[in-house]
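Each remark here refers to the structure printed beneath this line.
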Amino acid sequence: MFDFSETPSFYAIAGAHPERRAVVDADGSVTSFGELLARVNAVSHGLRARGLAVGDVVAGVLPNGVDAVIMLLATGQIGLYYVPINWHLTPPEIDYILSDCDARIVVYGPADVTALANGQITKNPDDRTNGTVMWYTSGTTGFPKGVQRPLTGKAPEETMPLYAWFLGEVCDLQPGDAVHLVTSPMYHSAPCAHVVFALNMGHTIVIAPRFEPDTILDLIDRYRVDNAMMVPTMFHRMLHLPPEVRKNHDLSSLRQVIHTGAACPIAVKKAIMDWWGPVLYEYYGSTESAIAFSVKPQDWLARPGTVGRAAPTFEARILDDNGDEVPRGEPGLLYVKSILGTFQYRKDPARTAASMRDDWYAPGDIASMDEDGYLFIRDRRTDLIISGGVNIYPAEIEAALLEHPAVADVAVIGVPDEEWGHRVVALVLPSRDVTPGELLDHLRPRLARFKHPRVIEFRDELPRTPTGKLSRSKVRADYLAGQPLD
1 MFDFSETPSF
11 YAIAGAHPER
21 RAVVDADGSV
31 TSFGELLARV
41 NAVSHGLRAR
51 GLAVGDVVAG
61 VLPNGVDAVI
71 MLLATGQIGL
81 YYVPINWHLT
91 PPEIDYILSD
101 CDARIVVYGP
111 ADVTALANGQ
121 ITKNPDDRTN
131 GTVMWYTSGT
141 TGFPKGVQRP
151 LTGKAPEETM
161 PLYAWFLGEV
171 CDLQPGDAVH
181 LVTSPMYHSA
191 PCAHVVFALN
201 MGHTIVIAPR
211 FEPDTILDLI
221 DRYRVDNAMM
231 VPTMFHRMLH
241 LPPEVRKNHD
251 LSSLRQVIHT
261 GAACPIAVKK
271 AIMDWWGPVL
281 YEYYGSTESA
291 IAFSVKPQDW
301 LARPGTVGRA
311 APTFEARILD
321 DNGDEVPRGE
331 PGLLYVKSIL
341 GTFQYRKDPA
351 RTAASMRDDW
361 YAPGDIASMD
371 EDGYLFIRDR
381 RTDLIISGGV
391 NIYPAEIEAA
401 LLEHPAVADV
411 AVIGVPDEEW
421 GHRVVALVLP
431 SRDVTPGELL
441 DHLRPRLARF
451 KHPRVIEFRD
461 ELPRTPTGKL
471 SRSKVRADYL
481 AGQPLD
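First residue of the sequence shown? That's 1 in UniProt numbering, and the numbers climb one at a time after it.
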């Protein structure tokens, strides 16, 4: 068992090594651990001075940067719920979240963070107690849902060692002198969580101004980045960089590039590892379940396509529609549970109950498990296409099409068909000229004929969330809106 007593924390590091570099912001400015702790403490005092108490909610509509980090840590040491909000949302969408979460204070920009800190002392607050982030899921269908976890009542230093041990087991991350690159918006759970983990392990975080493939490579090279959090769409875009650009960067410092958030096609992942080496760590989970499965590079290379085995403290079951466990290798609906705790959807007990079977949570994915316990995700249950009575998984077709060099992105959907129930449609974002016939020729040796799209159309763009998830509901709605009425 990991010796928690030897694990540092952000607060201990800031006290012992205040000069240590903590944050390199998108504009290149540097904040040390000592400076960061002083600003975090001042904001914590400022929040309490405005009457906020344990269990209250603070929302932040903040771009990536040191101010977003400050709000995360300041709320996290005085027992508050913090709701990071996607700044790309429209005012009505933001208002919905603010109303649903009952935010006492909303921080709209760096000036608001400064105002909270003004005139406040910088020593540690009394009665420090863990807060937590309340995430609003991306809401690719319907309104976003607030995922709320109970507060632990413990001091921040007491809980972080458990997560440090967990990440060591899952991703080989260790405390020490390392650099973590932030590539995605911190209003999403995975990149935000890894910022907290990195700081508590003593890592410097470098914040990219935005995701641009050549910029990311430059930052890795310039700051000798050890670890980063990415999504498969980023890999795909970087692989399309010209060879001379790719060769112009030294990426030998990379030790762990962790990816999650969406399925990664096998061909894309292999190509990245051919380029970067065996540094890709993958985990599977959701805002509700956290990291439920994980796989290290060598294990994935031995079983391409797997998302790994159950992470420490997690159990999994795969059930059929009757609630019975399916045989190994057969697809069914995935359920997970962990001793680390549970959640509820804020103000929605019915939805919470609908997502559970006893104390097992269903992320909504169809999956299978091999004899050694390695999980393979087939697709989202809601994305399953039934055509002519046969189950067809869009992700499988998308992965096959992405192996074609002329396909930059693709979305496969099922649309109503009088004869077949649904027909398979592929919407392709091409990287160069290609015809539907060429793409069908490409699929013939890879997929059974019944899985081939009956329609292939080309698009200039496909809607994805900032974490790279395909908004399939929007793809389907846009496609159907453009079809002639019968």
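C-beta: ideal position from N, C-alpha, C; glycine also.
With a threshold of 16 other CB atoms inside 10 Å of the CB of residue i, please say whether the residue is buried or exposed.
i	result
Pro350	The sequence as given places Ala at residue 350; Pro does not occur at that position. Ala350 should be labelled exposed.
Ile366	buried
Ile386	exposed
Ile272	buried
Asp100	buried
Val113	buried
Gly437	exposed
Ser252	exposed
Val455	exposed
Gly51	exposed
Glu461	exposed
Val390	exposed
Asn322	exposed
Pro156	buried
Lys247	exposed
Ser29	exposed
Thr204	buried
Leu375	buried
Ile339	exposed
His240	exposed
Arg222	exposed
Ala354	exposed
Tell me, to the nearest whole angstrom, how far the beta carbon of residue i is from that of residue j; I am working on the premise that it is less than 8 Å.
i	j	result
Glu315	Val336	7 Å
Gly76	Asn130	7 Å
Pro363	Asp379	Contact flag wrong, Cβ pair sits at about 12 Å.
Pro297	Tyr281	7 Å
His399	Pro265	Reading off the sequence, residue 399 comes out as Ala, not His. With a Cβ gap of about 4 Å, Ala399 and Pro265 count as contacting.
Val182	Val206	7 Å
Arg104	Val57	6 Å
Arg255	Leu333	Contact flag wrong, Cβ pair sits at about 36 Å.
Val268	Tyr284	Between Tyr284 and Val268 the Cβ distance is about 16 Å, and since that is not below 8 Å, they are no contact.
Leu47	Ile78	7 Å
Ala38	Thr122	4 Å
Ile97	Pro144	6 Å
Val245	Val279	Actually they do not touch by this definition, with Cβ atoms about 20 Å apart.
Ala68	Met186	5 Å
Quick check: the Cα distance between residue i and residue j, rounded to an integer number of angstroms?
i	j	result
Arg210	Cys192	15 Å
His45	Pro92	31 Å
Val425	Gly414	6 Å
Ala74	Arg224	29 Å
Val195	Met229	10 Å
Glu169	Asp274	24 Å
Phe10	His88	30 Å
Asp250	Asp218	9 Å
Val410	Phe450	19 Å
Tyr82	Met238	33 Å
Ala310	Arg446	30 Å
Leu289	Ile220	Per the sequence shown, the amino acid found at residue 289 is Ser instead of Leu. Cα to Cα, the separation comes out at about 30 Å.
Ser189	Thr233	17 Å
His236	Glu403	11 Å
Ala158	Gly15	Contrary to the premise, residue 158 reads as Glu rather than Ala in this sequence. Between Glu158 and Gly15, the C-alpha separation is close to 17 Å.
Phe293	Gln174	19 Å
residue 489	Thr215	Residue 489 lies beyond the range of the chain shown here (1 to 486); nothing can be said about it.
Asp126	Ser286	34 Å
Ile377	Pro327	15 Å
Phe2	Arg444	With a pLDDT of 36 at Phe2, under the threshold of 50, the modelled position of this residue cannot be trusted; read the value that follows with caution. Distance between the alpha carbons of Phe2 and Arg444 is about 50 Å.
Pro463	Glu457	15 Å
Asp478	Leu401	21 Å
Thr435	Ala448	20 Å
Asp358	Leu319	13 Å
When the cut-off is 8 Å and only beta carbons count, does residue i lie next to chain D?
i	result
Tyr136	Absence of chain D from the displayed structure is noted, only one protein chain being present.
* Assess, as a yes-or-no matter, whether the segment 46-63 is touched by the segment 97-117 under the definition of 3 or more beta carbon pairs within less than 8 Å. => yes
* Asked: At what residue ranges does the segment 142-193 contain a whole run of the alpha helix (DSSP H), taking only runs of 4 or more?
  -> 156-171
* Can you check the segment 202-268 for any beta strand (DSSP E) of at least 3 residues that lies completely inside it and give the ranges in chain order? => 204-207, 227-230, 256-259
* Can you list, in chain order, the stretches of the beta strand (DSSP E) that have 3 or more residues and sit fully within the UniProt domain "AMP-binding enzyme C-terminal" (396-469)? -> 407-417, 421-430, 455-458
* Asked: Can you give, in chain order, each stretch of the alpha helix (DSSP H) that sits fully within the segment 51-104 and has at least 4 residues?
  -> 66-76, 91-101
* Determine, using beta-carbon pairs with one atom in the segment 460-480 and one in the segment 246-262, whether at least three such pairs fall under 8 Å. => yes
* With a floor of 3 residues, list each beta strand (DSSP E) that falls wholly inside the segment 323-390, ordered by position along the chain. => 332-338, 365-369, 375-380, 385-387
* To do: Could you say if the segment 16-26 and the segment 211-218 meet the contact criterion of at least three C-beta pairs nearer than 8 Å?
  => no
* Does the count of Cβ pairs from the segment 118-132 and the segment 145-165 closer than 8 Å reach three? -> Verdict: yes, contact present.
* For the segment 264-302, which segments carrying the beta strand (DSSP E) assignment without a break, of at least 3 residues, lie completely within its bounds, in sequence order? -> List check, beta strand (DSSP E) in window: 280-286, 290-295.
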